[in-house]
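Reading through the structure tokens given below for one structure.
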Amino acid sequence: MTYELVKEFFSCGMLGDIPVKYKGFVEVYQVDGILPQLEDAEHKGKKNKTFDVKYSLIQFLDIQEEVLDMMEQNLPENLFYHNIKHTIDVVTEVELIGWAEGLSEEEILMVKLAALFHDSGHVISYDEHELHGTVIARNMLAKYDFSDDMMATICDLIMATKFPPEPKNILEKVICDSDLDYLGRTDFIPVSNMLYEELKVRNMIGSFNEWNQRQLTFIRKHQYYTNTAQHLREVNKNKQIERLELLLASASMDQ
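Numbering-wise (the UniProt record's numbering), the sequence shown opens with residue 1 and increments by one.
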């Protein structure tokens, strides 16, 4: 297991097999040096930026576990939509859309980290949770070796999810499309209903009919920004409009 991890970063030579009590023989390797593509061109034996990014992508799993544990322990119980499932959905989606849009490994890392923290601020406040999320991100990521520029970009991406979306670059487009991915999914209605319940308990919305009307108005104006999201979700999003129009028409007839 150790070799499988190390070989992604270092060139290794096999020394042979050694006997291990009750386990038979175990292969033993020696580390010969950093892989050429991960070595600083000007400083032999020193890692380069690509090395750091690849290592940080592995560290992401530890960061994700820490953040999700924190959210599980501290999120309000009546967050029916902005919960851990939504966070995991967005993390998954930014990676899917990000690779399809041709992002680099470093850019994938940044959008995944931003997605992980984008709703973490709900542990502090429903309002301005994006801003609170940037503070949490800076505090929790301080122990990792991220550059100031990367931290600034991650925080900018978190703030880009503030409603309504107004992305300024491809990274912001990726996370904005991922955050509102449900608009073009087949489970739109049940997910939308969870958001309604979340807003209702906070006295931020009136009747269910009013909610459907608000959703319809929003979806008609909404646009996906990346080619990938447009290809994957736009057709289904148009179907949601038809479904909402039918629901509103039915409600009107019942009055």
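Idealized CB from N, CA, C, for every residue including glycine.
In terms of Cβ geometry, LEU116 and SER56 do not form a close pair [threshold 9 Å]. A contact between stretches requires three or more CB pairs, one per stretch, nearer than 8 Å, and the segment 113 to 128 meets this requirement with the segment 156 to 172. The continuous stretches of alpha helix (DSSP H) do not include GLY206, and DSSP gives it neither H nor E. For the pair ARG220 and ILE241, the CB atoms are nearer than the 9 Å cut-off. DSSP, read as helix, strand or coil, puts VAL67 in helix. Unbroken alpha helix (DSSP H) runs of no fewer than 4 residues, entirely contained in the segment 58 to 144, are found at 84 to 100, 105 to 117, 129 to 141, following chain order.
In the three-state scheme derived from DSSP, where H, G and I count as helix and E and B as strand, LYS239 is classed as helix. Cβ contact annotation for ASN78 (same chain, cutoff 6 Å, sequence separation greater than five): VAL201, in chain order. The beta-bridge partner set that DSSP reports for PHE25 consists of PRO19.
A straight line joining the alpha-carbon of ASP187 with that of GLY102 spans about 27 Å. Listed in chain order, the non-local C-beta contacts of LEU248 below 8 Å within the same chain comprise ASN209, ASN212, GLN213, LEU216, local neighbours out to five positions each way being set aside. Between HIS118 and THR87, the CB-CB gap stays under 9 Å. The three-state reading of DSSP puts GLN215 in helix, counting H, G and I together. Excluding five sequence positions before and after GLU72, the CB atoms of its chain that fall closer than 7 Å to its own CB belong to ILE84, given in chain order. Secondary structure of GLU39 (DSSP, three-state): strand.
Put simply, the backbone Cα of ASP62 is about 14 Å away from that of LYS54. Remark: C-beta atoms of LEU15 and VAL28 approach each other more closely than 9 Å. In the structure shown, the three-state DSSP call for LYS47 is strand.
Nearest in C-alpha terms to PHE10, of all of LYS46, LYS21, MET204, is LYS46.
Approximately 7 Å separates the beta-carbon atoms of GLU198 and HIS82; this is inside 8 Å, confirming the contact. With respect to the 9 Å criterion, VAL6 and VAL31 are classified as neighbours on the basis of their beta carbons. Taken through DSSP and simplified to helix, strand or coil, ASP187 comes out as coil. Three or more beta-carbon pairs separated by less than 8 Å link the segment 224 to 236 to the segment 171 to 185, which places the two stretches in contact. Looking at the DSSP output, PHE10 shares a beta bridge with ILE34. A straight line joining the alpha-carbon of VAL26 with that of ILE18 spans about 5 Å. The beta-carbon separation of PHE60 and LYS112, rounded to 6 Å, stays under the 8 Å limit for a contact.
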